[in-house]
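Residue numbers (the working numbering): 7 to 461.
Notes for the one structure printed next.
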């Protein structure tokens, strides 16, 4: 191939991939709201075309909630969600039964909410209204849109180029391939549901091993930078926004680095069906460009890519939307009506005591239950501690709620919906490790911020 033709193809590759970059990573301010274009589109559909959005969501939840029972099996068979659990005499896979039940329960909860027949206790602002409007409806619309947009981000060679360029950074830091950088940035720029969409695609296509998929899902898939603003505003930290943002950013990925080398993640299977990038000889940039061009020339037609990605997005949305509603509802009820998270908070008291020593505070262990409630919903610590008089405690709550990543009203059911075979007990251990490390590191950051006048 002549140099001129190679550069012409490279320009086309970057131009088409630039559409994906624009959709996923470039924030735009529209009507006073700054976020990525995909989020603006989903918000427009949800609020301006609400009857269409609700009809679509109910239809997709009907399919996700009823298909396991109508067909006698969990029947979503494709590359994103692979599941084939037969219902037969003598029992079935317990995890499949539980998850199918959650899909059906999510459908039932949505119908109760929309019909107005939900009991009054379910209609508390932090229960069905929040879970349906802010989670189920959002991910139900956003995932199919994001699936089609992923065609431009992942289908034309950009992923392969980034994989070569970032391999020397991502591999030693996070024990993941170079192209996982796209996964990490997507979550911060967009949302954890879009990040998990990429993680799922990478795992089932053989680009991630189980260990790498769990690192990406539990370490990168936190809430977006946009929602971090909501957390900081609730906790009265917007006067220190730059320090809060960069401290949260650094601590989140530092915790991911540490937990990647600790059990249970370090003991997980690290085999994958597709080989890693070959050893690079000569210029890494030139090799990255050649790899991207090779993939661009061998890609399927755009129409087929869009069609396949839309099918996979609809299938994932059919599972995630009802599941996130049901599991989030259970977790929020546990947080609201039981002392479970107060008990769980006892596991955090030692590290909060150590943090209190660093900050010369005596009352840090008293907020352990509020911090632990982030396992149910990451926003709960911000709600419970928004009036706390100590700015350091509010800062620790802001950082930990984001850096903890895992929570039952959003990220955890999305991870389970991807069918990445990670055990619930492992997710709980990872959450505990991440939370302990986040408290300690955010305490050190708060000490620095107070002493440097940044906080």
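Virtual Cβ for every residue (Gly too), placed ideally from N, Cα, C.
Which residue or residues does DSSP assign as beta-bridge partners of residue i?
i	result
residue 36	39
Closest to residue i by CA distance: which of the options is it?
i	options	result
residue 141	108, 335 and 258	335
residue 319	424, 59, 363 and 184	424
residue 175	263, 443 and 325	263
residue 127	458, 411, 343 and 224	343
residue 417	200, 443 and 360	200
residue 333	106, 460 and 367	106
residue 22	155, 422 and 73	155
residue 438	360, 203, 413 and 248	413
residue 459	304, 348, 250 and 137	250
residue 255	9, 60 and 411	411
residue 203	402, 326 and 245	326
residue 1	210, 296 and 269	Shown here, the chain extends from 7 to 461; a query on residue 1 therefore has no answer.
residue 153	309, 362, 244 and 314	314
residue 26	159, 457 and 122	159
residue 247	400, 132 and 14	400
residue 268	57, 65 and 436	436
residue 252	368, 307, 290 and 194	194
residue 260	179, 57, 309 and 349	179
residue 63	38, 24 and 120	120
Taking 8 Å as the limit between beta carbons, can you name the residues of its chain near residue i, skipping five residues before and five after?
i	result
residue 358	370, 371, 373, 374, 377 and 445
residue 240	385, 388, 389 and 392
residue 84	Residue placement at residue 84 is poorly supported in this model, since its pLDDT is 36, which falls under 50; the coordinates are not used for a value here.
residue 406	377, 380, 387, 441, 444, 445 and 448
residue 352	374
residue 205	189, 214, 219, 222, 223, 226, 227, 424 and 426
residue 433	224, 412, 418 and 421
residue 187	168, 172, 175 and 176
residue 303	15
residue 108	328, 329, 332, 333 and 419
residue 96	Interpretation of residue 96 is limited by its pLDDT of 35, a score under 50 that renders its predicted location unreliable; no figure is taken from the coordinates.
residue 130	342
Taking Cβ positions, are residue i and residue j nearer each other than 7 Å?
i	j	result
residue 118	residue 124	yes
residue 312	residue 192	no
residue 404	residue 237	yes
residue 19	residue 29	no
residue 271	residue 229	no
residue 328	residue 112	yes
residue 151	residue 52	no
residue 110	residue 161	no
residue 167	residue 16	no
residue 48	residue 147	yes
residue 185	residue 216	no
residue 181	residue 273	no
residue 301	residue 212	no
residue 297	residue 170	yes
Report all residues from its chain with a CB closer than 7 Å to the CB of residue i; omit the five preceding and five following residues, and keep chain order.
i	result
residue 12	299
residue 365	398, 449, 452 and 453
residue 36	46
residue 235	none
residue 257	405, 409, 444, 447, 448 and 451
residue 88	Its pLDDT being 36, under 50, residue 88 is placed unreliably in this model, and the coordinates cannot settle the point.
residue 382	337, 338, 340, 341, 347, 413, 414 and 415
residue 59	51, 52, 143 and 147
residue 243	250, 400, 401 and 404
residue 290	170 and 171
residue 9	none
residue 368	362
Once the 5 residues before and after residue i are set aside, which same chain residues still bring their CB inside 6 Å of it?
i	result
residue 69	324
residue 208	214
residue 133	338
residue 67	113, 116, 327 and 328
Contact check, residue i vs residue j under 8 Å by CB: the rounded distance?
i	j	result
residue 226	residue 189	5 Å
residue 138	residue 360	Their Cβ separation, rounded to whole angstroms, is 40 Å, which puts residue 138 and residue 360 out of contact at 8 Å.
Counting contacts by CB-CB distance shorter than 7 Å, is residue i in contact with chain B?
i	result
residue 65	In the structure shown, chain B does not exist; there is a single protein chain.
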